[in-house]
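Structure first, commentary second.
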Amino acid sequence: MLRRVAVAGSSMEPALRDGDWLLALPLRRSPRVGEVVLARDPRAPERLLLKRVAAVGDGRCTLLGDRPEASTDSRQFGPVALGDVVAWAVFRYAPLGRLGKLRDRD
Amino acid sequence: MLLTRLLKPSLVAYAHCDLPCGVYDPDQARVEAESVYKTLEKYHASTDEHFKARAIQVKEERAELAKHHIDVLWSDYFKPEHVQKYPEITDLCWKAAKQCSKVKQSLDINEAKTLLDLIDKIGDVWTKAGGPTATRMAKQMARA
């Protein structure tokens, strides 16, 4: 099921900005490197993180923000279990001026 | 209105940074280190034993606060990217924290001066790393 997600924080700039509205799809496969995903925060599972997949392997993946100097990510909390990567951010539907598909990065 | 309500996201995802407030400034440590310095000046100028005892206590408290602020900069503000770019920061923070302990033990004003110099060097790195714009709020301009 498609979920509507609001972005909070600025660690994914310039790709995603604080307040952007996104559509996310449940992830039933392994995440791929370069994708923007929603994952449960390993330190607070009720909270969802929005980060980019930097590496995948052995049941876990490394998640990083696009702006390392303004991001708390796998560098601090370590790799995230693939089972905790719950969705895949695919499309921005607001603001309308930046409407569009989200691009992967290598 | 209705449309907005229908479109409104049902989830929030955090592309965040853990920093509780994100405000960091080596001047916080510097103010405490200045207090240490001035307190030592007054200590040496005084002959009042009671005053001198109080001065020692104040100096030690302030040195501990300076150490805390340096530790916060080191553990919360400076990131691996900063260390890569300014490798000297590791040694500077380490030395400055140790200098705070030295200042606590000593009545030598030169130790307090050394602490100020180390904090200023940390401040230089913080400035080069873009700290003033990244971590501080601009003061409101005076109205004409």
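Protein sequence lines, in the order shown, are assigned to chains A and B.
Residue numbers for the first sequence follow the working numbering, beginning at 1 and rising by one.
Residue numbers for the second sequence follow the working numbering, beginning at 1001 and rising by one.
For glycine and all other residues, C-beta sits at the position ideal for the given N, C-alpha and C.
Values in this document were obtained by computation on a predicted structure and should not be read as measured data.
Within 7 Å, strictly: CB atoms of residue i and residue j
i	j	result
Glu69 (chain A)	Lys1079 (chain B)	yes
Val56 (chain A)	Glu35 (chain A)	no
Arg98 (chain A)	Pro1009 (chain B)	no
Gly81 (chain A)	Arg47 (chain A)	For the record, residue 81 (chain A) in the displayed sequence is Ala; it is not Gly. No, these two residues do not count as a Cβ contact at 7 Å.
Leu1118 (chain B)	Gln1099 (chain B)	yes
Ala87 (chain A)	Leu27 (chain A)	yes
Ala89 (chain A)	Ala15 (chain A)	no
Leu1115 (chain B)	Ala1055 (chain B)	no
Ile1089 (chain B)	Leu1040 (chain B)	no
Lys1067 (chain B)	Ala1097 (chain B)	yes
Under the three-state DSSP convention, the category residue i falls into
i	result
Phe1051 (chain B)	helix
Pro1087 (chain B)	coil
Pro1026 (chain B)	coil
Arg75 (chain A)	helix
Ala1033 (chain B)	helix
Val1125 (chain B)	helix
Ala1138 (chain B)	coil
Val33 (chain A)	coil
Pro68 (chain A)	helix
Ala15 (chain A)	coil
Gly1131 (chain B)	helix
Proximity test, Cβ basis, 7 Å: residue i and chain B
i	result
Pro68 (chain A)	yes
Gly9 (chain A)	yes
Leu96 (chain A)	no
Arg3 (chain A)	yes
Ala6 (chain A)	yes
Trp21 (chain A)	yes
Leu82 (chain A)	no
Leu38 (chain A)	yes
Leu27 (chain A)	no
Leu99 (chain A)	no
Option in the options with minimal Cα separation from residue i
i	options	result
Val1103 (chain B)	B:Trp1126, B:Val1023, B:Glu1064	B:Glu1064
Arg17 (chain A)	A:Asp104, A:Arg105, A:Ala94	A:Ala94
Cys1093 (chain B)	B:Leu1003, B:Lys1059, B:His1069, B:Met1137	B:His1069
Trp1126 (chain B)	B:Glu1034, B:Ile1109, B:Asp1076	B:Asp1076
Ala39 (chain A)	A:Val85, A:Arg29, A:Thr72, A:Ser11	A:Val85
Ala1138 (chain B)	B:Leu1007, B:Ala1015, B:Val1023	B:Val1023
Ser10 (chain A)	A:Phe77, A:Asp104, A:Thr72, A:Pro31	A:Thr72
Val1012 (chain B)	A:Lys51, A:Gly78, A:Thr62, A:Pro79	A:Lys51
DSSP beta-bridge partners of residue i
i	result
Ala55 (chain A)	A:Thr62
Phe91 (chain A)	A:Leu23, A:Lys101
Leu38 (chain A)	A:Leu50, A:Ala87
Leu1011 (chain B)	A:Val5
Val1103 (chain B)	Val1103 (chain B) pairs with nothing; no bridge assigned.
Ala44 (chain A)	A:Asp41
Arg80 (chain A)	According to the sequence displayed, residue 80 (chain A) carries Val and not Arg. For Val80 (chain A), which the question treats as bridged, DSSP gives the partners A:Cys61.
Residue i beta carbon near the ligand GTP (any heavy atom closer than 6 Å)
i	result
Lys1052 (chain B)	The ligand content of the structure shown is nil, which means the ligand GTP is not present either.
Minimum Cβ-Cβ distance from residue i to chain A less than 7 Å
i	result
Lys1038 (chain B)	no
Tyr1086 (chain B)	no
Trp1074 (chain B)	no
Leu1011 (chain B)	yes
Tyr1077 (chain B)	no
Ala1015 (chain B)	yes
Glu1081 (chain B)	yes
Cβ of residue i within 7 Å of any chain D Cβ
i	result
Tyr1024 (chain B)	No chain D appears in this structure, whose protein chains are A and B.
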